[in-house]
Each structure stands twice: as structure tokens, then as C-alpha cells.
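Residue numbers (this note's numbering), protein chains in the order written: chain A, 787 to 943; chain B, 134 to 259.
All C-beta atoms, glycine included, are put in the ideal place defined by N, C-alpha and C.
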Amino acid sequence: MSLDLVRVDDRLIHGQVVVGWGRELKPDLVVLADDEVAANEWEQKLYALGVPPAMRVEFPTIEEAARSVDTWAHDSCKTIIILSDIDSLQRLCNSAPIIRKVNLGGVHNDGDRQQHLPYLFLSEAEVGQLRLLAMRGIEITAQDLPNSEPVTLEDLL
Amino acid sequence: MSKALKGVVVSHGDVGSALVEAVHAITGDDRALVAVSNEGCSRDSLGLRVSEAAGDGDCILFVDLPGGSCLLAAARFQREHASTTVVAGVNLAMLLDFVHHRDAAPSEAAARAVKVGAGAIRLIGE
Numbered sequence: 787m788s789l790d791l792v793r794v795d796d797r798l799i800h801g802q803v804v805v806g807w808g809r810e811l812k813p814d815l816v817v818l819a820d821d822e823v824a825a826n827e828w829e830q831k832l833y834a835l836g837v838p839p840a841m842r843v844e845f846p847t848i849e850e851a852a853r854s855v856d857t858w859a860h861d862s863c864k865t866i867i868i869l870s871d872i873d874s875l876q877r878l879c880n881s882a883p884i885i886r887k888v889n890l891g892g893v894h895n896d897g898d899r900q901q902h903l904p905y906l907f908l909s910e911a912e913v914g915q916l917r918l919l920a921m922r923g924i925e926i927t928a929q930d931l932p933n934s935e936p937v938t939l940e941d942l943l
Numbered sequence: 134m135s136k137a138l139k140g141v142v143v144s145h146g147d148v149g150s151a152l153v154e155a156v157h158a159i160t161g162d163d164r165a166l167v168a169v170s171n172e173g174c175s176r177d178s179l180g181l182r183v184s185e186a187a188g189d190g191d192c193i194l195f196v197d198l199p200g201g202s203c204l205l206a207a208a209r210f211q212r213e214h215a216s217t218t219v220v221a222g223v224n225l226a227m228l229l230d231f232v233h234h235r236d237a238a239p240s241e242a243a244a245r246a247v248k249v250g251a252g253a254i255r256l257i258g259e
């Protein structure tokens, strides 16, 4: 299995992803699965600027990503998937049951969210969505960087 | 003379504020530059910080890295504000030069900043 990281991070491709996780996991492919970015070539070019030449980057919609997850998971190339929010995570996991492990890397407070970690704010609805995913056996941990201590969903909530 | 350009240093953590403090300490100028950090920000909230710092006038956004959240926020702002230019890879040398050349057009000042900043990176002792 070479789906090395499925991460929710509202900054999408940024330093923690390409430098922090990139140096640790050495992915061949970074998948930014986001409906808005998939429809915006200008933003795709900007996000691609932050990706080292050794890594490929793709910009599918959530639906397109869901159709490719099995391929990525069984391919020899190492892949990480970046999602912008918990809604996107739920949609992807619903369509791609092969995803069994999820990383919460950064959800910031733009509304009614409650703080759980310095980099993680969740609304009640998002907590409910994560509990549902956990009940299906998906391992959910919060961890901003590879050398940080992972926090389980149980400890988080 | 037209109104002096403003510089906004958009960075990870405290990099921007440290650079702005260093410029102040060296030149005594505390009006040319302001710092914006991406600390604790989503894409939207960082965009708001950049917008508030840049205002409506002519401005150069100095970004720390040529990719990532700071560049994204700066590029989005630039797209909506023709009087703004973005320079990635900020360093102290370009900021020190910038504070003394703020009467240029944004594109001219940005080109100068790139030249001065790149020229300050040197291999010493070989």
C-alpha cells in the first residue's frame, strides 16, 4: 500500500506538507483533492510552485480523487492526499473505503469552531462527522508534523 | 513625488516581524514596512490579514518562500489590486534597500528588490 498520508489541512499545500511530511515520507505524488482548486487553473499553478521538482502534483475534484484512490493505494509510487476540510474528508472516505487512516493537520477557526489543539478547531457538526468515520473503523489522529506526538480522536474530544 | 510605497512582509511565524524590527534597528525607519504572520491562520484569515496590512495604496508584498500559504495569500491579493507587486524570497538586504527607494513605481521597486536581494547572497571564502 502506498497511500502514505490522507491529511486534512485547510492551508492545503504549504511548508508543513512539502517540507515536514515531504522529507519524512518522500512522496512521489501529492494529490490536492479539492473541488474549488480543481476548477481554478490559476490557483493550481500557485500551489504547484510550492511542490519540489521531485514530486508530481495532481488537482482532482473529490469525486475524481475517490475514483483513483484504489489505484494510488496499490501503485508502487508513494502518494499523499491533501483535503481542505472535514466535509471533503467525509465525502472521500464514503466513496473510497480503502482509506483506513486519516491525519488532521490543520483546521483553523473561521467561524463557530471550538479549539482542540493549537492547529485544530472543530465545529459540533465536524466532531459528529469524525465520530461517524471513527465508528466505521477509520483511525483518526491529529498531528501537524511527523515529529509531533499524534493525538487520537478519543483523546482529542 | 508620488506617495511612498508601503512594504508588507508576509511570512511564516515571526520571520517577518524580526526582519521589520531589524530594518528599524538599522535604518531608524519604522513606517515603510509592516509584518504579517501566517501563524494560526486559515487561507481566508491570512488573506484578511494581508488585505488589512496592505490597504488600498501602492504596495509591495514581500513573501518568505516562493510557494505555500504566504505566497498564495499575497498572489490572491495582487490579483485584485493592480497597484500591488509580489516579491518572493525576502531577505534583509532587499528590505534595507527598499526603505530608501519607496518613491519608485511598484514594478520598478520590485525589480530592484529582486536584484538587490539576489546580489546579497554570496559564497564567502572561496
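Per DSSP, residue 930/A is not a residue of any alpha helix (DSSP H), being assigned neither H nor E. Contact note: residue 165/B does not reach chain A at a C-beta cutoff of 8 angstroms; the least C-beta distance is about 27 angstroms.
Against chain B, the beta carbon of residue 835/A has neighbours under 7 angstroms at 199, 200 and 204, listed in chain order. Here residue 192/B carries a strand assignment [DSSP, helix/strand/coil].
Judged by their CB atoms, residue 819/A and residue 838/A are not nearer to each other than the 7 angstroms cut-off. Closest option to residue 250/B, judged by alpha-carbon separation, among 172/B, 242/B, 236/B and 227/B: 227/B. Bridge partners of residue 802/A according to DSSP: none are assigned.
Where residue 889/A is concerned, the enclosing beta strand (DSSP E) starts and stops at 887 to 892. Secondary structure of residue 146/B (DSSP, three-state): coil. Within the same chain, 796, 798 and 820 come within 7 angstroms of residue 870/A by CB-CB distance, once the 5 residues on both sides are set aside.
In terms of CA proximity to residue 905/A, 928/A leads the group 898/A, 928/A and 914/A. One alpha carbon belongs to residue 885/A, the other to residue 793/A, and they sit about 11 angstroms apart.
Taking 7 angstroms as the cut-off, the Cβ atoms of residue 143/B and residue 237/B do not count as close. Not flagged as an interface residue toward chain A: residue 230/B, since no C-beta distance is shorter than 7 angstroms. Taking CB atoms only, residue 216/B has no neighbour in chain A less than 7 angstroms away. With fewer than 16 other Cβ atoms from the protein chains shown falling within 10 Å of its own Cβ, residue 918/A counts as exposed. Put simply, the CB of residue 144/B is far from chain A, with every gap to its CB atoms at 7 angstroms or more.
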